[in-house]
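For reference, the structure is listed below as structure tokens.
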Amino acid sequence: MKLLLDTHTFLWFIDGSSNLSQTARQLIENEDNQRFVSIASLWEIAIKVSIGKLKLGVSLPDLVKQQVYDNDIELLAISPEHLDILRKLDFHHKDPFDRLIISQSIVEKMTIITKDTAFISYSVQILW
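Heads up: the sequence shown runs through residues 963 to 1090, numbered per the working numbering.
Next comes the structure, spelled out in structure tokens:
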């Protein structure tokens, strides 16, 4: 299964948060699944850190090394195909980072692990 972690899902996973469902945690930890985090999520994290809405115990490069690479999670780059789908999406969801993640999921045929109910309005597979 190809899984795309929404930003909050990724943060909850690396924090060991109980906000992440046991099912979601098991899917992410299952090495038979391909796990991805979008560059858009890292961009969102960087912005939230810079405005004081999020605190990290490490630098963003160290976070990527320790939590993305060391957990065998792949970074998903932003492609022109993702942006083409993005420009065509209805505005059920206003968050630009989530809209990009939705677009990436459509193009790459990935299941998104998210608790965000606004994703349901799009033609994407979600799990929680």
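Even glycine gets a Cβ: it sits at the ideal position worked out from N, Cα and C.
Below 8 Å, too few C-beta pairs join the segment 1021-1035 and the segment 980-987 to call them touching: fewer than three.
Look at the segment 1044-1090 and you find these whole runs of beta strand (DSSP E), each 3 residues long or longer: 1073-1075, 1087-1089.
Residue pairing from DSSP places SER1000 in a beta bridge opposite LEU1038.
Counting along the chain, LEU989 sits inside the alpha helix (DSSP H) bounded by residues 984-991. According to DSSP, residue pairing for LEU1018 in a beta bridge does not occur. When DSSP reads this structure, LYS964 sits in a beta bridge with GLN996. A residue is called buried once 16 or more other Cβ atoms fall within 10 Å of its Cβ, and GLN1066 is buried on that count. Rounded to whole angstroms, the Cβ separation of VAL999 and LEU1038 is 7 Å, and the two are in contact under 8 Å.
Taking every protein chain shown into account, the CB of ILE1082 has fewer than 16 other CB atoms within 10 angstroms, so this residue is exposed.
Just measuring C-alpha positions, the residue of LEU1051, GLU991, ARG1049, ILE1088 sitting nearest VAL1030 is GLU991.
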